[in-house]
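Counting from 42, one number per residue, gives the positions in the sequence shown under my numbering.
Positions of the beta carbon are idealized from the N, C-alpha and C atoms, including for glycine.
To start, the structure itself, in structure tokens.
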Amino acid sequence: MKAKEVLENLKRRFPNEPEYHQAVQEVLESIEDVYNEHPEFEKYNLIERLCIPDRIFSFRVTWTDDNGNTHVNMGYRVQHNNAIGPYKGGLRFHSSVNQSILKFLAFEQTFKNSLTTLPMGGGKGGSDFNPKGKSNNEIMRFCQAFMLELAKHIGPETDVPAGDIGVGGREVGYMYGMYKKLRCENTGTLTGKGIEFGGSLIRPEATGYGNIYFLMNMLKRKGINDLKGQVVAISGSGNVATYTAEKVLELGGKVITLSDSNGYIYDPEGIDAEKLKYVFELKNIYRGRIKEYAEKYNCKYVEGGRPWAEKCTIALPSATQNELNGDDAKTLVANGCIAVSEGANMPSTPEAIEVFLQNKILYAPGKAANAGGVSVSGLEMTQNSIKLSWSREEVDQKLKDIMKDIHDACVKYGTEGDYVNYVKGANIAGFMKVAKAMMAQGVI
Ligand code: NDP
42 MKAKEVLENL KRRFPNEPEY HQAVQEVLES IEDVYNEHPE FEKYNLIERL CIPDRIFSFR
102 VTWTDDNGNT HVNMGYRVQH NNAIGPYKGG LRFHSSVNQS ILKFLAFEQT FKNSLTTLPM
162 GGGKGGSDFN PKGKSNNEIM RFCQAFMLEL AKHIGPETDV PAGDIGVGGR EVGYMYGMYK
222 KLRCENTGTL TGKGIEFGGS LIRPEATGYG NIYFLMNMLK RKGINDLKGQ VVAISGSGNV
282 ATYTAEKVLE LGGKVITLSD SNGYIYDPEG IDAEKLKYVF ELKNIYRGRI KEYAEKYNCK
342 YVEGGRPWAE KCTIALPSAT QNELNGDDAK TLVANGCIAV SEGANMPSTP EAIEVFLQNK
402 ILYAPGKAAN AGGVSVSGLE MTQNSIKLSW SREEVDQKLK DIMKDIHDAC VKYGTEGDYV
462 NYVKGANIAG FMKVAKAMMA QGVI
């Protein structure tokens, strides 16, 4: 297999899908040598079977706003690969959603889920519906209309969606309610559910906490055991960003930035627990903008900017794809940043990744570092199957163990002399398990 040729072929067959091409390119370049050590993979064209999703559903979602106007959005579910378990991956509601973005996310998810050690395949879905400014009833009606179609394609042993950008506990609750009504079953088919109806403790926190557990595993190899004295820049102010910040504070670090799609705040005093509580309420109850933080605490707000020029020792991109480019990466390194660990999916551009690797700083790609969310989703599926709920401590311990296992797998496959290339490690470790499962199951 020649990575370049496979990629060119995919670009020709699936044009205008830049995010999908970007995600595939990174994996192909990492696994090329290992793949070519296995002629049986090439014989059965494993690479194309792995890069092209099993199937994609796309559908029209029609809903009515509070003024009685009818709107039409697109809905999608990309079922990428189920070699090691049911399709599993979140739903994103954001105006930017299109097939390319969901294909990249489903592709990444396949490797991420493989790394978790749990039996989950990869999928992703969502809609170009924009939740901003919508009333609670409008959100509910949209979620119900979306599920009216999606319910045909999912199930506890088939495909188990969860949240992502724009889809939190409220949206999962509305979608699960509609799913149950349509299917007359109580199988917990979505994860990220409320604790009262089958949700798992620690699921809301899992992606952010998991990212910090992964970061700590990386830092420990350098003899750093806590975050005291570390200055941490975080982007985003949603689910992942806020719980990431919470764990950073718990371990003694100082959080100086948060952002949303309008801009970022820089608080040199540090965002402490009380300020973070305010952010949590701002985002989840009042559904406000991060700018309001700057007004309340009298600190800097940069409209339209990204926080990477603020001096920090650790950067945790936790908003969206391609939010950190090559110039940002150079600035981070020049400012003394020692570690970048990704809460978001594919937040760093290929140029940024190159800068991190060349400068040999600790760099954890999202498919490894943010796998805590889907891991606890996997634990939620287990608890639903056995009809039991585990304690907070039990789930947290399992999450820590999983993040350590993922870290160790990256070290095993990514060590290059005295440096660990976590990109290579994550891609090869994730790939090998899926590849072996696909080979064992024949050409299907
Ligand atoms: P939320 O919707 O809770 O928060 C997203 C945050 O990112 C918001 O602050 C949002 O700002 C900001 N954001 C979204 N789009 C953009 C953009 N185009 N430019 C700048 N800022 C943007 O989502 P999550 O916290 O759940 O997800 C964040 C990232 O983490 C995503 O990449 C997601 O795929 C990834 N992830 C999430 C997991 C989970 O368990 N939730 C699991 C693994 C990965 P605004 O409010 O203005 O839109």
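task = Identify whether residue 188 lies in helix, strand or coil by the three-state DSSP scheme.
result = Residue 188: helix per DSSP, three-state reduction.
ask   = Do residue 139 and the ligand NDP come close, with the Cβ less than 8 angstroms from some heavy atom?
value = Every heavy atom of the ligand NDP is 8 angstroms or more from the Cβ of residue 139, so no.
query = Hey, how far is the Cα of residue 172 from the Cα of residue 66?
reply = Approximately 32 angstroms, taken between the alpha carbons.
ask   = Buried or exposed: where does residue 246 fall if 16 or more other Cβ atoms within 10 Å of its Cβ makes it buried?
value = Burial of residue 246 is indicated by the presence of at least 16 other C-beta atoms within 10 angstroms of its C-beta.
ask   = Taking just the CA atoms, how far does residue 249 sit from residue 411?
value = Distance from the CA atom of residue 411 to the CA atom of residue 249, rounded to whole angstroms, is 7 angstroms.
message = With H, G and I counted as helix, E and B as strand and the rest as coil, what does DSSP make of residue 419?
response = The answer is helix: DSSP assigns residue 419 an H, G or I state.
ask   = So what's residue 104 in DSSP terms, helix, strand or just coil?
value = DSSP places residue 104 within a strand segment (E or B) once states are collapsed to three.
message = With a threshold of 8 angstroms (Cβ to nearest heavy atom), would residue 112 be considered close to the ligand NDP?
response = False, no ligand heavy atom lies under 8 angstroms from that Cβ.
ask   = Where do the ends of the beta strand (DSSP E) carrying residue 301 lie?
value = It spans 295-301 - the beta strand (DSSP E) in which residue 301 sits, taken as one unbroken run.
inquiry  = Please report the straight-line C-alpha distance between residue 163 and residue 339, rounded to a whole angstrom.
reply    = Approximately 44 angstroms between the Cα atoms of the pair.
query = Three-state secondary structure (DSSP) at residue 342?
reply = If DSSP states are grouped into helix, strand and coil, residue 342 belongs with the strands.
inquiry  = Please give me, in chain order, every unbroken run of the beta strand (DSSP E) with length at least 3 that falls completely inside the segment 391-459.
reply    = If we require 3 residues or more, the beta strand (DSSP E) runs fully inside the segment 391-459 come out as 403-405.
task = Locate the beta strand (DSSP E) running through residue 304, then write down its first and last residues.
result = Residue 304: member of the beta strand (DSSP E) spanning 304-307, first to last residue.
key: C-alpha gap between residue 120 and residue 276, whole angstroms   = Roughly 29 angstroms separates the two Cα atoms.
message = Going by beta-carbon coordinates alone, are residue 348 and residue 319 separated by less than 9 angstroms?
response = Taking 9 angstroms as the cut-off, the beta carbon of residue 348 is found no closer than this to the beta carbon of residue 319.
ask   = Alpha carbon to alpha carbon, how far is residue 58 from residue 80?
value = Per the coordinates, the alpha-carbon of residue 58 lies some 30 angstroms from the alpha-carbon of residue 80.
ask   = Under a Cβ-count criterion, where at least 16 other Cβ atoms within 10 Å of its own Cβ denotes burial, should residue 53 be classed as buried or exposed?
value = Flag for residue 53 reads exposed.
ask   = According to DSSP, which residues form a beta bridge with residue 312?
value = Per DSSP, none; premise fails for residue 312.
Spatial distance of residue 212 from residue 183 (CA atoms) = Whole-angstrom Cα-Cα distance: 9 angstroms.
request  = Look at the Cβ atom of residue 280, then the Cβ atom of residue 345, and state whether they are nearer than 9 angstroms.
outcome  = Contact flag unset, no.
query = Would you call the segment 181-195 and the segment 136-151 touching, i.e. three or more CB-CB distances under 8 angstroms?
reply = Contact between the segment 181-195 and the segment 136-151 is absent, because fewer than three Cβ pairs lie under 8 angstroms.
request  = Label residue 417 either buried or exposed according to how many other C-beta atoms from any shown protein chain fall within 10 Å of its C-beta, with 16 as the threshold for buried.
outcome  = So residue 417 ends up on the buried side.
key: residue 244 classed as buried or exposed, judged by whether at least 16 other C-beta atoms fall within 10 angstroms   = Under this definition residue 244 is a buried residue.
task = Determine the DSSP secondary structure at residue 168, reduced to helix, strand or coil.
result = Correct three-state label for residue 168: strand.
request  = Can you give me the Cβ contacts of residue 170 inside the same chain, cut-off strictly under 6 angstroms, excluding the 5 residues immediately before and after it?
outcome  = So the list reads 114, 134 and 183, once near-sequence residues are dropped.
task = Report the three-state DSSP secondary structure of residue 267 (helix, strand or coil).
result = If DSSP states are grouped into helix, strand and coil, residue 267 belongs with coil.
request  = Inspect the beta-carbon positions of residue 303 and residue 331 and report whether they are closer than 9 angstroms.
outcome  = A Cβ-Cβ contact shorter than 9 angstroms links residue 303 with residue 331.
Supposed close pair residue 30, residue 166 - CB separation, criterion 8 angstroms = The requested residue 30 is not part of the displayed model; the chain covers only 42 to 485.
inquiry  = Taking contact to mean 3 or more Cβ pairs, one atom from each stretch, closer than 8 angstroms, check whether the segment 352-370 and the segment 378-391 are in contact.
reply    = Short answer: they touch.
task = Would you mind sorting residue 61 into buried or exposed? The rule is 16 or more other CB atoms within 10 Å of its CB.
result = With 16 or more other CB atoms across the displayed protein chains lying within 10 angstroms of its CB, residue 61 is buried.
inquiry  = Please report the distance separating the alpha-carbon of residue 253 from that of residue 450.
reply    = Spanning the two alpha carbons is a distance of roughly 17 angstroms.
Member of 286, 189 and 199 whose CA lies at the smallest distance from the CA of residue 217 = Of 286, 189 and 199, the residue nearest in Cα terms is 189.
request  = Please name the residue, chosen from 294, 178, 469 and 425, that lies closest to residue 235 on a Cα-to-Cα basis.
outcome  = Closest option to residue 235, Cα to Cα, is 425.
request  = Kindly indicate the opening and closing residues of the alpha helix (DSSP H) around residue 257.
outcome  = Run containing residue 257: 244-261, per the alpha helix (DSSP H) assignment.
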